[in-house]
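Going down the list, the sequences are from chains H and X.
At position 11 of the first sequence the residue is numbered 19 (our numbering), and the sequence of numbers has no breaks.
At position 121 of the second sequence the residue is numbered 140 (our numbering), and the sequence of numbers has no breaks.
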Amino acid sequence: MRLERRAHVPLYLVIVAPVVAVTVALILAAGLIAAAGVNPLTAYAEMVQGAFGSRLSMTETLTRATPLILTGLAAAIAFRARLWNIGGEGQFFMGALVTAWVGHSLGLPPVPGIAVLLVIGMAAGAVLLAGPAYLRLRFGVDEVVTTLLLNFIVILFVGLMVEGPLRDPMAFGWPSSVPVDSDFRLPDLIARTRLHIGFLIAIAAAGGVWLILARTVFGTETRAVGLSPSAASFAGISLPKNLMAVALFSGGMAGLAGSMEVLGVTAVVTTTMSPGFGYAGIVVAMLAALHPAGVVAAAVFVATVFVGADAMSRATGVPSFIADVIVALCLLTMLVALLFTTYRVQR
Amino acid sequence: MSPVLELDGITKRFGALTANDQVSLTLGQGEILALLGENGAGKTTLMNILFGHYAADAGTVRVFGQELPSGRPRAAIDAGVGMVHQHFTLAGNLTVLDNIMLGSESLLRTTSSRKSARKKLLQIAERFGLPVSPDAKVSRLSVGERQRVEILKALYRDARILILDEPTAVLARPEAQRLFETLKEMTKEGLSLIFISHKLHEVMAASDRVSVLRGGRLVAERKTADTSAEELAELMVGRKVERPVRKDHKIGAPVLVAKSVRVEAEGEVKLDDLSFTVAAGEILGIVGVSGNGQASLGALLSGLAIPTAGTLTLEGQDVRRLGPRGVIRAGVGRIPEDRHSEGVVGELAVWENAVLERLRTPAFSTRGFVRQAASKAYAAGLIDQFDIRGAAPDTRTRLLAGGNMQKLILGRCLSISPKLLLANQPTRGLDEGAIAAVHSALLAARGAGAAIVLISEELEEAVALSDRIQAMVKGRLSHPIPASAADPQRLGLMMAGVWTEGEHAT
């Protein structure tokens, strides 16, 4: 048995691959659910019910999907250019921290205030990734290591801030930052739910990323750099400039995710505000085969797993950690599925 | 001669493409069989089937009378078939001995029998006349030496039939000649050989028998003594192909002037005291044995390398520090040495590659957005004008055959009527038809007044196309001689570095 490169990857395979990957991941996770003494079919039914069963649960799923779309885009942009940004989690927290900090006492009217806060959230994420990108360009330091380790540094820094300078004295001892000014909260998309207009901003961002990658000079150059750095460089594309631009763009998206989560959902920054949005963004990007439209679909799926698992856990007693297991399994099965979309098995 | 190897009715299809169609071959004991054919004729597929890398759709392979199970490389190795690939499969950070032992020992054994392996290796090296030092690191060996290690690796596994895929593709001519002498010696030791090639002169020089493949079919078998290069060329291509001939014409003013240029990279002097001039309507041929600085000269003229000393002017303008984009803007067309790694991005569409170099010009983008319609129309024009077959603007570029990919790169360079054209090994790996097309395109550019620097390891090509020739040796250039004065002996001396410094002038 050997693998042969496909001359052409048909569109149906691009769509079928993630579906098959997810199915296989769910079958594998079913084993664990069964081991916890619960019928997997019941558990998955509870999960779907929990994620889509009511108006409230549906909006909750989309609320969860919002940051995942953005961290998914962050990973997709970076991976396209072969910048291995594993630091989405850190960039998310950096965006959240700066937004909460500045948003607590920003003397601006609501609309410009929100715009400013979103932009500085993006900037915070972008700056955080610029460092590793610079180290790679200047000294060849592997960005997988630097971005991954920065996540822990940033989260610990957030912990330091919410225990110290940014601590909210009204939070009854919970480590939480002071809240942003209520003027700057993102308006609800649907009244009396947590779904905020950030969801639309995330969808628009996916559209924007698609437009930029497919239609602009920068996007075309980025794809060329990612596919063949030597040919791109021969054609006169500056690899360092392109990589730095990609880093700022990618970090900006993850920072925006954090910023919107604060303005739209939590109002404060805490070290527990993310169930791993940054890491899950990597799975989202891979399930989407790095395509912006796929990112939206994959983000909704991963949000379904997160939200549904909580409900399932309440109903059946299976620990909600199963959500993390399913998401991680999806990454592994998707990597295998991608192998089969690029290559054909030849006997 | 009893046949040691028989292929019978081998057929292999890849989707709609029939790569091998009812191909039958025999190889006699102690024989050298040349498998001749253009790129894409099915030579490599056939050998991959023999070696078990692919399973044939029909047909059988017999080695020493035993039928091989299909699709199992191990079976071929065990039966005594060894393969030397065009691209070597050696680990550079290991020694020669390590590389040779690699894969020949069971993973489960806890002791490694280096001592007996070394003994066996030295015996084989002695017997077949392939001297090596077992403890040398492979990364420090020359290309010719690495190939020797590859051959030894096969012999170490007791190969009695050796298949060499394009063995001279990476060798300079003296190394190639030495290889063929060695191969002849090896047949006296009872080995039987198949070598795959599309170069007529080496087939004529080194084989006993020739099988010609075209379009997946075996079209002819000849005893080498009974045929001629002309006949083989026609059999291989399927029609008469004539390369275009350079006609004398008036040469214009100097375009590119290099004076005492020096290039250093990675702490080494790559090019030293380089002086040359190319005039409008002139082709300057740079000949030399591979690895003598041609890649650095290519990088210099492409804008990828910046000289540390000397001057480089294009129509009087300093072009030392322009970088690739600036060089393109200054009117330089560039055909890179390796079209796959530098010339095109294989996964992008043909139209994207057509405009990639000039994406930021108003012709192909406005306000940061790519002008897709204009770009595709431009690509369609190139496809039409340069006869790029099998391509539409939206085709993935990697699906193009080598010759068509090269025509795309050529077209992209020539469509801007370059002042200077760099052609670095422009016909490497191309078949006869494509070579003729590239040559006529270069001569047409010369006729249109471009100054052309042709870097080539093919002497026939350099002599046929160039107005003047300089040889490159260890990063330095000989004095130029007119092509009319370039006989093989003189060029050979120049390429060996024999020239008098007094003549060293531009």
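Yeah, the Cβ is synthetic: ideal placement off N, Cα and C, and Gly gets one too.
Fair warning: this is a prediction, and the values are worked out from it, not measured in the lab.
Three or more Cβ pairs drawn from the segment 170-178 of chain X and the segment 111-121 of chain X lie within less than 8 Å of each other, which places the two stretches in contact.
Here the segment 129-141 of chain H lies against the segment 103-112 of chain H, with 3 or more beta-carbon pairs under 8 Å apart. Under the 10 Å beta carbon count, Trp-370 of chain X is surrounded by 16 or more other beta carbons and is classified as buried. Within chain X, the residues Gly-387 have their CB atoms less than 9 Å from the CB of Phe-226 of chain H, given in chain order.
One thing to note: Ala-33 of chain H has its Cβ no nearer than 8 Å to the Cβ of Ala-141 of chain H. In the DSSP assignment, Val-351 of chain X falls outside any alpha helix (DSSP H) and lies within the beta strand (DSSP E) extending over 351-354. Taken in chain order, the complete alpha helix (DSSP H) segments of 4 or more residues contained in the segment 225-266 of chain H are 225-235, 237-242.
Put simply, the segment 231-239 of chain X touches the segment 56-68 of chain X. At least three CB pairs are less than 8 Å apart.
Taking 8 Å as the threshold, the shortest C-beta distance from Arg-223 of chain H to chain X falls below it. Inter-segment contact for the segment 259-279 of chain H and the segment 349-368 of chain X is absent: fewer than three beta-carbon pairs are separated by less than 8 Å. Identification of chain X residues near Gly-244 of chain H by a Cβ-Cβ cut-off of 9 Å yields Gly-322, Gly-342, Pro-343, Arg-344, Gly-345, Val-346, Ile-347, Arg-348, Leu-375, Glu-376, Arg-377, Leu-378, Arg-379, ordered along the chain. Within chain H, the residues Ala-239 have their CB atoms less than 7 Å from the CB of Gly-362 of chain X, given in chain order. The Cβ neighbour count for Pro-327 of chain H, taken over all protein chains shown within 10 Å, is under 16; the residue is labelled exposed. Against chain H, the CB of Gly-365 of chain X has a partner CB under 8 Å away; the residue lies at that interface. The alpha-carbon of Pro-326 of chain X is positioned some 5 Å away from that of Arg-281 of chain X. Closer than 8 Å to the CB of Ser-434 of chain X there is not a single CB belonging to chain H.
The beta-carbon distance between Ala-38 of chain X and Thr-79 of chain X, rounded to whole angstroms, is 17 Å. This is too long to meet the 8 Å contact definition. Interface annotation, Leu-235 of chain H: in contact with chain X, CB-CB separation under 8 Å. For Phe-60 of chain H and Glu-68 of chain H, the gap between their C-alpha atoms comes out near 9 Å. Distance from the CA atom of Glu-240 of chain X to the CA atom of Gln-85 of chain X, rounded to whole angstroms, is 24 Å. The beta-carbon of Glu-371 of chain X is placed less than 8 Å from the nearest beta-carbon of chain H. In this structure, Pro-343 of chain X lies near Ala-243 of chain H, with their beta-carbon atoms less than 8 Å apart.
For Met-169 of chain H, the enclosing alpha helix (DSSP H) stretches over residues 151-171. The DSSP-derived three-state label of His-16 of chain H is coil.
Nearest CB-CB separation between Pro-355 of chain X and chain H: below the 8 Å threshold. Straight-line spacing of the CA atoms in Leu-251 of chain X and Leu-219 of chain X works out to 7 Å.
Under the 8 Å Cβ criterion, the segment 427-435 of chain X counts as touching the segment 340-355 of chain X, having at least three qualifying pairs. For Phe-295 of chain X, the three-state secondary structure derived from DSSP is strand. In this structure, Ala-410 of chain X places its C-beta atom within 8 Å of the C-beta atom of Ile-402 of chain X. Here the segment 143-150 of chain X does not lie against the segment 106-116 of chain X, with fewer than 3 beta-carbon pairs under 8 Å apart. In its chain, beyond the 5 residues on either side, Ala-225 have a beta carbon closer than 6 Å to the beta carbon of Phe-199 of chain X. If you draw a straight line from the Cα of Lys-278 of chain X to the Cα of Gly-511 of chain X, it is about 25 Å long. Interface criterion met: the Cβ of Ala-232 of chain H is under 8 Å from a Cβ in chain X.
In terms of Cβ geometry, Leu-461 of chain X and Ile-471 of chain X form a close pair [threshold 8 Å]. Looking from the CA of Pro-22 of chain X, the closest CA among X:Ala-195, X:Ile-213, X:Arg-93 belongs to X:Ile-213.
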